[in-house]
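Be aware that the sequence shown starts at 94, since it is given in the working numbering, and climbs by one per residue.
C-beta atoms are modelled at their ideal positions from N, C-alpha and C, and glycine is treated no differently.
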Amino acid sequence: MSSNFPELPIAVIGAGPVGLAAAAHLTERGLPFVVLEAGEGPAAAVRQWGHVRLFSPWRFNIDPAAARLLTDAGWVRPDDDKLPTGAQLAADYLQPLADLPAIKPHIRYGARVQAVTRLGLDRVRSLGREQTPYLVRLADGEDILAQAIVDASGTWGTPNVLGASGIPAHGETTAATFVEAALPDVLGRDRDRFAGKHALVVGAGHSAANTLLALAELAEQAPGTAVTWAIRATSPARTYGGESADALPARGALGSRLRAHVENGTITLITGFSVQSVVVDGDQVKVSDGEQSVTVDRIVSATGFRPDHTITGELRLDLDPILGSTRALAPLIDPNEHSCGTVPPHGIDELTHPEPGYFAIGVKSYGRAPTFLLATGYEQARSVVAALAGDWDAARDVQLDLPETGVCNSNPVDGDDTIAAGGGCCGAPAPAAVAEPAGRGLATGIAGGLLTAPLNLITLGDKPTEGQTGSCC
Ligand SMILES: Cc1cc2nc3c(=O)[nH]c(=O)nc-3n(C[C@H](O)[C@H](O)[C@H](O)COP(=O)(O)OP(=O)(O)OC[C@H]3O[C@@H](n4cnc5c(N)ncnc54)[C@H](O)[C@@H]3O)c2cc1C
């Protein structure tokens, strides 16, 4: 991809694992770049969930170009078979990568990108578009010109809402101080907000499961701690997974432990609950689906994430109407069909938008699909940077070779962070025995059919929610 502005930098948005991988590939290719990171250091999002153990071992969490640069600088590679926490991923890999002399001078921290457009052209103007550089506006008003954009800004900053219809529930915005984003550090830095309190966890994915298990542990330590779990589905079977027969051992173990806490009453489960209203009630908050309600001290919203396309509103993007990825990528990552282990490797061809030179990579590229893996993101970075360097053979030679077992498998042995040999993976045969996970890992690589659990659909005959101002139809 030849640029009309080879002297201008390629702007990489975000210094998370995938943005930094892009920086490593750009360094190896000798292309000019600047990494614009909103946080005050690298891996700002990963550090937020630093207390959570990854489900994929180190060997799949390190970009090959980054490893080459780091090794040349004397870095000692972590044990490939160990499962790091988010904090370890940041401290033992991403921070040293960001600090490499070849990369560090090109990263700007505290640089939040507010908008990306073409200099002097809005989205409608066609004439001369490709001969016009990108203009990147930062939140402080500074404008930066760029020859191309690699958007690796993730989705962590834009969680889904509690409201079952995809928009905030009635009162959700007003009650914001009672609502926690996914994966609070319940046993660590956020403990005081939960100890001795009644918490409601909303969501049926593995981030909900992880938080519920941590809250159940807290309930054993701190008297008065109560835990309620609300799901839209009519059964928690999807969250419990296959338990001892689960293809993902750690997921199976999480599911079994969660089921035990529900059965022994530590966690109160409410099924068929679609949040419609959130009403502040003194020091507490009442959450209702129109028929059932629960009054609690804190709400943990574990309802997933969505991409923020507002910063690129003036670019010509061909977004899949369902997922918000590119249209070409959507069928490859569809959570109705795929787990993390079955997403095929992909690169420049699946990531290309009508706006030449703009690419979203990393978890943002998947839109709302929860099937992203770092390993696929690193391959995206390699392919896109090869294309930006004009090396189309390399760009189209998608190289990722994910083994059928082990990539999204956390099966720690005997309470440490080492995975068991021969453990199953997404879609792979289940192992005979399941070890207890040592950390609170999150298996986002959920097998296909994620969205097929039956929901209690809201019908027109349902009673209006108390405090609800709008009416349907
Ligand atoms: C709890 C958890 C566990 C996971 N475990 C695994 C695992 O085991 N294996 C696996 O393969 N994947 C895992 N994932 C999925 C995925 O790999 C991670 O979400 C990963 O962090 C995605 O990397 P990223 O670089 O695309 O985005 P992020 O890590 O989210 O990085 C984006 C960066 O962009 C910055 N940013 C955002 N907006 C702007 C802006 N407007 N301007 C400038 N900077 C901006 C952010 O501050 C952040 O530093 C996990 C995800 C979660 C949440």
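Reducing DSSP to helix, strand and coil, say where residue i ends up.
i, result
"L228", "strand"
"Y451", "strand"
"V527", "Here the model assigns V527 a pLDDT of 32, short of 50, so the residue's position is not dependable, and the following value carries that caveat. In the structure shown, V527 sits in coil (DSSP, three-state: anything other than H, G, I, E or B)."
"T267", "coil"
"A183", "helix"
"D285", "helix"
"E273", "strand"
"V111", "helix"
"Q385", "coil"
"E100", "coil"
"D411", "coil"
"V355", "helix"
"I426", "helix"
"I404", "helix"
"R201", "strand"
"D196", "Checking the sequence shown, residue 196 turns out to be Ile, not Asp. DSSP places I196 in coil when its eight states are reduced to three."
"L220", "coil"
"P505", "Residue confidence is low: P505 scores 42 on pLDDT, short of 50, so the model does not pin down where it sits. No coordinate-derived value is stated."
"R152", "helix"
My assumption, with CB atoms under 8 Å, is that residue i sits in contact with residue j. Please give the rounded CB distance.
i, j, result
"V387", "L238", "Not a contact, Cβ separation roughly 52 Å."
"A191", "P135", "4 Å"
"V491", "G440", "5 Å"
"D442", "R489", "7 Å"
Going by the beta-carbon positions, is the gap between residue i and residue j smaller than 8 Å?
i, j, result
"L306", "R350", "yes"
"T361", "G348", "no"
"H118", "V478", "yes"
"L182", "L212", "no"
"L408", "T210", "yes"
"D630", "A114", "Any answer about residue 630 is impossible in this case: the structure gives the chain only from 94 up to 566."
"A245", "Y227", "no"
"W327", "V393", "Before going on, a small fix: residue 327 reads as Thr here, not Trp. No, these two residues do not count as a Cβ contact at 8 Å."
"L124", "L163", "no"
"H144", "D285", "no"
"A269", "A288", "no"
"E62", "I200", "Outside the shown range of the chain, which is 94 to 566, sits residue 62, and nothing can be said about it."
"E448", "L410", "yes"
"I454", "A480", "no"
"H402", "G417", "yes"
Starting from residue i and walking both ways along the beta strand (DSSP E), at which residues does that stretch end?
i, result
"L362", "360-363"
"D374", "370-374"
"T321", "319-323"
"A292", "291-295"
Starting from residue i and walking both ways along the alpha helix (DSSP H), at which residues does that stretch end?
i, result
"V477", "467-481"
"R489", "485-489"
"P145", "One point to set straight first is that residue 145 is Val, not Pro, in the sequence displayed. Element bounds for V145: n/a, residue is neither H nor E."
"I237", "Segment 236-239 is the beta strand (DSSP E) holding I237; no alpha helix (DSSP H) there."
"H299", "299-314"
"T332", "330-333"
"D391", "It should be pointed out that residue 391 corresponds to Arg in this sequence rather than to Asp. Not the alpha helix (DSSP H): R391 falls in the beta strand (DSSP E), residues 391-394."
"T164", "157-165"
"Q188", "188-191"
"L444", "441-444"
Roughly how many angstroms separate the alpha carbons of residue i and residue j, rounded to a whole number?
i, j, result
"T469", "L493", "7 Å"
"Q207", "G317", "44 Å"
"G256", "I404", "24 Å"
"H263", "T321", "20 Å"
"P261", "V254", "6 Å"
"R122", "F465", "26 Å"
"L187", "K457", "19 Å"
"Q377", "H291", "9 Å"
"D185", "N154", "11 Å"
"D382", "I363", "11 Å"
"I106", "E133", "14 Å"
"E384", "R420", "39 Å"
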